[in-house]
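Q:
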Amino acid sequence: MRLKLMKKTTLAMSALALSLGLALSPLSASAAETASSATNAQQMPSLAPMLEKVMPSVVSINVEGSTTVNTPRMPRNFQQFFGDNSPFCQDGSPFQSSPFCQGGGQGGQPDGGQQQKFMALGSGVIIDAAKGYVVTNNHVVDNATTIKVQLSDGRRFDAKVVGKDPRSDIALIQIQDPKNLTAIKLADSDALRVGDYTVAIGNPFGLGETVTSGIVSALGRSGLNVENYENFIQTDAAINRGNSGGALVNLNGELIGINTAILAPDGGNIGIGFAIPSNMVKNLTEQMVKYGQVKRGELGIMGTELNSELAKAMKVDAQRGAFVSQVMPGSAAAKAGIKAGDVITSLNGKAISSFAALRAQVGTMPIGSKVELGLLRDGKPVTVTVELQQSNQTQVDSSTIFNGIEGAEMSNKGQDKGVVVNNVKAGTPAAQIGLKKGDVIVGANQQPVKNIADLRKIFDAKPSVLALNIQRGDASIYLLLQ
Numbered sequence: 043m044r045l046k047l048m049k050k051t052t053l054a055m056s057a058l059a060l061s062l063g064l065a066l067s068p069l070s071a072s073a074a075e076t077a078s079s080a081t082n083a084q085q086m087p088s089l090a091p092m093l094e095k096v097m098p099s100v101v102s103i104n105v106e107g108s109t110t111v112n113t114p115r116m117p118r119n120f121q122q123f124f125g126d127n128s129p130f131c132q133d134g135s136p137f138q139s140s141p142f143c144q145g146g147g148q149g150g151q152p153d154g155g156q157q158q159k160f161m162a163l164g165s166g167v168i169i170d171a172a173k174g175y176v177v178t179n180n181h182v183v184d185n186a187t188t189i190k191v192q193l194s195d196g197r198r199f200d201a202k203v204v205g206k207d208p209r210s211d212i213a214l215i216q217i218q219d220p221k222n223l224t225a226i227k228l229a230d231s232d233a234l235r236v237g238d239y240t241v242a243i244g245n246p247f248g249l250g251e252t253v254t255s256g257i258v259s260a261l262g263r264s265g266l267n268v269e270n271y272e273n274f275i276q277t278d279a280a281i282n283r284g285n286s287g288g289a290l291v292n293l294n295g296e297l298i299g300i301n302t303a304i305l306a307p308d309g310g311n312i313g314i315g316f317a318i319p320s321n322m323v324k325n326l327t328e329q330m331v332k333y334g335q336v337k338r339g340e341l342g343i344m345g346t347e348l349n350s351e352l353a354k355a356m357k358v359d360a361q362r363g364a365f366v367s368q369v370m371p372g373s374a375a376a377k378a379g380i381k382a383g384d385v386i387t388s389l390n391g392k393a394i395s396s397f398a399a400l401r402a403q404v405g406t407m408p409i410g411s412k413v414e415l416g417l418l419r420d421g422k423p424v425t426v427t428v429e430l431q432q433s434n435q436t437q438v439d440s441s442t443i444f445n446g447i448e449g450a451e452m453s454n455k456g457q458d459k460g461v462v463v464n465n466v467k468a469g470t471p472a473a474q475i476g477l478k479k480g481d482v483i484v485g486a487n488q489q490p491v492k493n494i495a496d497l498r499k500i501f502d503a504k505p506s507v508l509a510l511n512i513q514r515g516d517a518s519i520y521l522l523l524q
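Residue 324 in my numbering sits at position 282 of the sequence shown; the count goes up by one each step and never skips.
(1) Hey, how far is the Cα of I343 from the Cα of G515?
(2) So is T254 buried or exposed if we call it buried at 16+ other beta carbons inside 10 Å?
(3) Output needed for M86: all residues of its chain with C-beta closer than 7 Å, excluding positions within five of it in sequence on either side, in chain order.
(4) Return yes when the Cβ of V176 is within less than 8 Å of the Cβ of I215, no when it is not.
(5) Give the secondary structure of A387 by DSSP, where H, G and I count as helix, E and B as strand, and everything else as coil.
(6) Within the stretch 223 to 295, note down every full beta strand (DSSP E) run reaching 3 residues or more, in order along the chain.
(7) Can you tell which of N273, T277, N245 and D230 has its C-alpha closest to the C-alpha of Y239?
(8) What are the boundary residues of the alpha helix (DSSP H) that P91 is part of?
(9) Between V100 and I298, is the Cβ-Cβ spacing less than 8 Å?
(10) Name the DSSP bridge partner or partners of G425?
(11) Mind checking who T109 pairs with in its DSSP beta bridge?
(12) Quick check on this structure: which residue in S350, S373 and K377 has the alpha carbon closest to the alpha carbon of A364?
(13) Whose C-beta lies closer than 7 Å to the C-beta of P208 among residues of the same chain, with five residues either side of it excluded?
(14) Would you kindly report the start and end of the unbroken alpha helix (DSSP H) that includes K332?
(15) With A213 and V236 assumed to form a contact (beta carbons below 8 Å), what rounded beta-carbon distance in angstroms separates them?
(16) Expressed to the nearest angstrom, what Euclidean distance is found between the alpha-carbon atoms of V258 and D496?
(17) Have a look at G379, L163, V463 and L293 and flag the residue whose alpha-carbon is nearest the alpha-carbon of G287.
(18) Could you check whether A279 and I300 sit closer than 8 Å to each other, using their CB atoms as the reference points?
(19) Could you tell me which uninterrupted beta strand (DSSP E) segments, each at least 3 residues in length, are contained entirely in the stretch 462 to 515, listed from first to last along the chain?
(20) Determine the DSSP secondary structure at A526, reduced to helix, strand or coil.
(21) Within its chain, find whatever has a CB closer than 7 Å to the CB of Q437; leave out the 5 residues flanking it on each side and keep chain order.
(22) V462: which of G480, V241 and G379 sits nearest, CA to CA?
(23) Which stretch, first to last residue, makes up the beta strand (DSSP E) that contains A399?
(24) State the start and end residues of the unbroken beta strand (DSSP E) segment that holds N454.
(25) For G174 versus I226, is the C-beta spacing smaller than 8 Å?
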């Protein structure tokens, strides 16, 4: 009996163990699968850890403001139909809200304009947590009367403008009574390379924090007619409306640029976005904090891009750089000995690819800055140091290449001293390239011009680019034609 009981007990325990095993095996498998998934998740590459640190420094900006808009004046023959007592302007009339019933002028021309309220959305980046400084685009806060900043945790603050710079499209605003903010770290944008990974963070279409990724597609982009000072980072990370002022960061979570513009026919994203480099942002915002505005230094030159055709015409052994067509008398460049015809190839030891790039970099430097310029003069390298002076006016590229010099009347100056311009008709190609009455053409494509025959001989060779050396008063300048 005892043996039989033990056998039954053993059988019962075996059955219980089997039952428990069957019941627990799904749980054990599930736990193992969960553990395996967690391990795989940890091993999978992800931007999430970096974004957790960066997102608190990227803010949404809500703006209310007003701007002046022109309203049409009422044609005189319709004045009798619109006025305070006109049936067309009474309650319920479809014309009641028209400019004609809201004080629009008379005479068929636009009046002085009316104030129109607007609301706008954008993005910004906290660059100083203690002082509450937020960098954004100028066009986000331009004409703003009220600025509200919302953080990623939902907190909202009032903000005010510290400084604005329309020419670079950068603005600095300050959060009022800042508390527990997180600032982003700025990277050295000069160290960027084409192919580096980028992450764009912003507030597109008012949707809140949105993240897209891509690479650096190009550097030093200019000539986009977006703003006056252009030295953009081009990226294929999606930048949409409302992303303006947001952050472009590297994989370390450091700011490399401020999202600014997109290139698209319909305003949507097609993989071509532009950001203002962080080094440019740093230079400009430091001046805004100090002065409330940007006080630019300038070289005092005019010029254009150096391309292969111009280099060949000028007999310059370089393919890229900034060609100096004119040096302003008394300017910083003139004092440093820069001459018309020089090609600027480097700034502070870094290569200059174009006149626009030179202009953009110098345009972020404060007055009194000393810069070292590498030049090519008559095929020989020259180095000069220039102390930037205050910019008194907007600098433009006046020596753009145009076709022909029709519209100028010329004659020999005599004694083989060149060709004098006696008259220039307004609106003609000659006027467009900058020729003026009294100019004396003394050279073309590095060849001396003693008379009209010399000039005609050079013209007859049909060069793709023609660089005219002009004596204008005491100054020697170059005008370029294609």
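Quick reminder that beta carbons are idealized off the backbone N, C-alpha and C, glycines included.
Only a predicted model underlies this, so the values are computations on that prediction, with no experimental measurement involved.
A: In short:
(1) By 1-based counting over the sequence shown, the position of residue 343 is 301. By 1-based counting over the sequence shown, the position of residue 515 is 473. Approximately 17 Å between the Cα atoms of the pair.
(2) Position 212 of the sequence shown, counted from the start, is the residue given in the question as residue 254. Looking at its Cβ environment, which holds 16 or more other Cβ atoms inside 10 Å, T254 is buried.
(3) As a working note, residue 86 is residue 44 in the sequence shown. For M86, where only same-chain residues beyond five positions count, there are no Cβ hits under 7 Å.
(4) In the sequence shown, the residue the question calls residue 215 occupies position 173. In the sequence shown, the residue the question calls residue 176 occupies position 134. A contact, by the Cβ cut-off of 8 Å.
(5) Here residue 387 is taken as the residue at index 345 of the sequence shown, counted from 1. Looking at the sequence itself, residue 387 is Thr, so the reference to Ala does not match. Strand, per DSSP.
(6) 239 to 244, 252 to 263, 274 to 277 and 289 to 291
(7) Looking up residue 239 in the sequence shown gives position 197. For Y239, the nearest C-alpha among the options comes from T277.
(8) Here the question's residue 91 lines up with position 49 in the sequence shown. Unbroken alpha helix (DSSP H) run through P91: A90 to V96.
(9) To locate residue 100, count along the sequence shown from 1; it is residue 58. To locate residue 298, count along the sequence shown from 1; it is residue 256. Cβ atoms of V100 and I298: not closer than 8 Å.
(10) Here residue 425 refers to the residue found at position 383 of the sequence shown. According to the sequence provided, residue 425 is Thr. The question's Gly does not apply to it. Note: T425 sits in a beta bridge opposite G416.
(11) Along the sequence shown, read from residue 1 onward, the residue named residue 109 stands at position 67. Answer by DSSP bridge pairing, in chain order: Q158.
(12) Translated into the one-based positions of the sequence shown, residue 364 becomes position 322. Out of S350, S373 and K377, S350 has the C-alpha closest to the C-alpha of A364.
(13) Position 166 of the sequence shown, counting from 1, holds the residue named residue 208. Excluding positions up to five away in sequence, the list reads N180.
(14) For this step, residue 332 is matched to residue 290 along the sequence shown. That run of the alpha helix (DSSP H) goes S320 to Y333.
(15) As a working mapping, residue 213 is identified with position 171 in the sequence shown. As a working mapping, residue 236 is identified with position 194 in the sequence shown. Going by Cβ atoms, the distance from A213 to V236 rounds to 28 Å, so no, they are not a contact pair.
(16) Position 216 of the sequence shown holds residue 258. Position 454 of the sequence shown holds residue 496. Their backbone Cα atoms lie some 49 Å apart in a straight line.
(17) One-based indexing of the sequence shown puts residue 287 at position 245. Checking every option, the nearest Cα to that of G287 belongs to L163.
(18) For the purposes of this step, residue 300 is identified with residue 258 of the sequence shown, where counting begins at 1. For the purposes of this step, residue 279 is identified with residue 237 of the sequence shown, where counting begins at 1. Taking 8 Å as the Cβ cut-off, I300 and A279 do not qualify as a contacting pair.
(19) 482 to 486 and 508 to 514
(20) Because the chain here runs from 43 to 524, residue 526 falls outside it and cannot be looked at.
(21) Here residue 437 refers to the residue found at position 395 when the sequence shown is read from its first residue. Bear in mind that the predicted position of Q437 carries a pLDDT of just 31, short of 50, making it unreliable; the figure below should be weighed with that in mind. Answer for Q437: E340 and R401, listed in chain order.
(22) The count along the sequence shown starts at 1 and reaches residue 462 at position 420. It is G480 whose Cα lies nearest to the Cα of V462.
(23) Within the sequence shown, residue 399 is the residue found at index 357, counting from 1. First-last for A399: F397 to V404, but that is the alpha helix (DSSP H), not the beta strand (DSSP E).
(24) Reading the sequence shown from its first residue, position 412 is the one you call residue 454. That run of the beta strand (DSSP E) goes A450 to N454.
(25) Along the sequence shown, read from residue 1 onward, the residue named residue 174 stands at position 132. Along the sequence shown, read from residue 1 onward, the residue named residue 226 stands at position 184. Their beta carbons are not under 8 Å apart, which means G174 does not touch I226 by this criterion.
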